[in-house]
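Student: Dumping the structure here so I can ask a few things about it.
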Amino acid sequence: MSKSKIMILGTFHMASFKDLFNTNVVDLASDKRQKEIIQLVDKIKKFSPTKIAVEIEYKYSDKINESYSNYVNGKAELKMSETQQIAFRLAKALEHDKIYAVDWMERGASINSISDVYDFTKKEQPQYLKLFSSDNCSYGKDITITEILRSFNDKESIKNTHEQYVNMARIGLNNDYVGMGWLTWWYQRNLIIFARLAQLVENKNERIFLLIGAGHTGMLSNFLEESGLFDVVNTLNYL
């Protein structure tokens with residue numbers, strides 16, 4: 497049976513963002529970087545998405561689409577975020593009326609914050625500190641945006657990042673599952689994103705493009721594939 501297709505582009509956050517894994521890419525506002533982003537959008541266009549989903553909380557759907565409309569109508573310049581720099585450009589090029597916010601950031605099942613987990617790890621289990629820092633990196637001018645994203649969306653990179661998240665369950669002593677207290681929320685968040693993506697499917701010809709932080713890619717890919725609802729396409733085929 498034919499399934500809807502989805503392409504996940506795991507990205508770094510272009511705006512200042514408090515995230516578990518942070519990436520710094522220099523001079524994003526420069527002419528060189530802006531041309532690279534436009535070239536990236538041209539590549540993604542070949543996937544021909546019918547809907548574009550982004551890592552913005554669902555409750556801000558109206559707000560983000562107001563910003564998108566202002567950009568399309570020449571009333572606003574693009575701000576420095578991956579949603580605006582990539583998703584807005586892509587949606588405009590494809591003449592989409594709107595984009596879809598699918599994220600969720602409520603407290604939910606959270607017992608501990610990621611800061612709580614980090615502080616505990618630093619004090620009690622420093623051998624696991626590598627789980628918080630190994631993907632923090634900077635990229636200079638010699639590597640293009642597309643090259644950076646190719647590395648983020650490489651199968652091995654996705655696997656390694658997913659393993660880091662899963663191994664947070666090991667943080668804790670005796671019956672005090674400190675890492676699990678945050679990881680439960682992380683799973684809940686990604687399951688909600690999956691559910692919202694599934695709600696976007698209106699017919700078997702749907703082609704959804706999801707732009708989201710690279711840390712989500714492994715888990716979301718698993719949920720999407722295991723649901724039986726989607727064919728998850730190889731993003732590298734379009735980069």
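For any residue, its number in the working numbering is found by taking its place in the sequence shown, counting from 1, and adding 496. We put the beta carbon where it would ideally sit given N, CA and C, even for glycine. This structure is a prediction, so every number in the text was calculated from the model and none was measured.
Report all residues from its chain with a CB closer than 6 Å to the CB of Ile654; omit the five preceding and five following residues, and keep chain order.
Tutor: Looking up residue 654 in the sequence shown gives position 158. So the qualifying residues of the chain are Thr713 and Gly714.
Student: Nearest CA to the CA of Leu574: which residue from Ile667, Ile540, Phe628 and Gln530?
Tutor: Numbered from 1 along the sequence shown, position 78 holds the residue referred to as residue 574. It is Gln530.
Student: Could you tell me whether the Cβ atoms of Ala549 and Leu696 are closer together than 8 Å?
Tutor: As a first step, residue 549 must be located in the sequence shown, where it is residue number 53. As a first step, residue 696 must be located in the sequence shown, where it is residue number 200. It is a contact, given that the beta carbons lie within the stated cut-off.
Student: With 16 other CB atoms within 10 Å as the buried threshold, where does Leu693 fall?
Tutor: Residue mapping note: residue 693 aligns to position 197 of the sequence shown, counting from 1. That one is buried.
Student: Spatial neighbours of Lys501 within its chain, please: CB distance less than 6 Å, with the 5 preceding and 5 following residues excluded, ordered by chain position.
Tutor: The residue labelled residue 501 in the question sits at position 5 within the sequence shown. Apart from sequence neighbours up to five positions away, the residues of its chain that approach Lys501 with a beta-carbon distance below 6 Å are Arg703, Asp727 and Val729, ordered along the chain.
Student: Would you mind sorting Arg585 into buried or exposed? The rule is 16 or more other CB atoms within 10 Å of its CB.
Tutor: Against the sequence shown, residue 585 aligns to sequence position 89. Buried, by the Cβ-count rule.
Student: So, at 8 Å on beta carbons, what are the nonlocal neighbours of Asn686 in its own chain, with the 5 sequence-adjacent residues on each side left out?
Tutor: Translated into positions along the sequence shown, residue 686 becomes position 190. Excluding sequence neighbours, Asn686 sits near His712, Met715, Leu716 and Phe719.
Student: Any idea which residues DSSP pairs Ser500 with across the strands?
Tutor: Numbered from 1 along the sequence shown, position 4 holds the residue referred to as residue 500. Partner(s): Phe726.
Student: Any chance the region 576-585 sits against the region 532-544, with 3 or more Cβ pairs inside 8 Å?
Tutor: At 8 Å Cβ cutoff, the stretches touch.
Student: Tell me whether Gly668 sits in a helix, a strand or coil according to DSSP, three-state version.
Tutor: Here residue 668 refers to the residue found at position 172 of the sequence shown. Three-state DSSP puts Gly668 in coil, outside helix and strand.
Student: Excluding the 5 residues flanking Leu625 on each side, which residues of the same chain have their C-beta closer than 7 Å to its C-beta?
Tutor: Counting from 1 along the sequence shown, the entry for residue 625 is found at position 129. Answer for Leu625: Thr617 and Lys618, listed in chain order.
Student: Quick one: any contact between the region 597-608 and the region 673-690, if contact means 3 or more CB pairs under 8 Å?
Tutor: yes
Student: Less than 8 Å between the beta carbons of Ala589 and Val662, yes or no?
Tutor: Residue numbering aside, residue 589 sits at position 93 when the sequence shown is read from its first letter. Residue numbering aside, residue 662 sits at position 166 when the sequence shown is read from its first letter. No, the pair does not count as a contact, with Cβ atoms beyond the cut-off.
Student: Quick one: using the 10 Å Cβ neighbour count with 16 as the cut-off for buried, is Pro622 buried or exposed?
Tutor: The sequence position of residue 622 within the sequence shown is 126, counting from 1. Counting Cβ neighbours within 10 Å, Pro622 comes out exposed, since fewer than 16 surround it.
Student: Determine the extent of the alpha helix (DSSP H) in which Leu627 is found, giving its start and end residues.
Tutor: Within the sequence shown, numbered from 1, the residue matching residue 627 stands at position 131. Here the alpha helix (DSSP H) through Leu627 covers Lys626 to Ser629.
Student: By Cβ distance, which residues of its chain are closer than 6 Å to Val568, with the 5 residues on each side in sequence left out?
Tutor: Residue mapping note: residue 568 aligns to position 72 of the sequence shown, counting from 1. Once the five neighbours on either side are set aside, the close Cβ partners of Val568 are Lys588.
Student: What is the DSSP secondary structure of Gly636, counted as helix, strand or coil?
Tutor: On the sequence shown, residue 636 is found 140 positions in, with the first residue counted as 1. Coil at Gly636, not helix or strand.
Student: In chain order, what residues of the same chain lie with their CB nearer than 8 Å to the CB of Asp612, ignoring the 5 residues before and after it?
Tutor: Taking the sequence shown and counting its residues from 1, the one referred to as residue 612 is at position 116. Same-chain partners within the cutoff: Val674, Gly677 and Trp678.
Student: Since I believe Leu505 is in contact with Ile540 (beta carbons under 8 Å), could you give me their beta-carbon distance rounded to a whole number of angstroms?
Tutor: Translated into the one-based positions of the sequence shown, residue 540 becomes position 44. Translated into the one-based positions of the sequence shown, residue 505 becomes position 9. Confirmed, about 7 Å.
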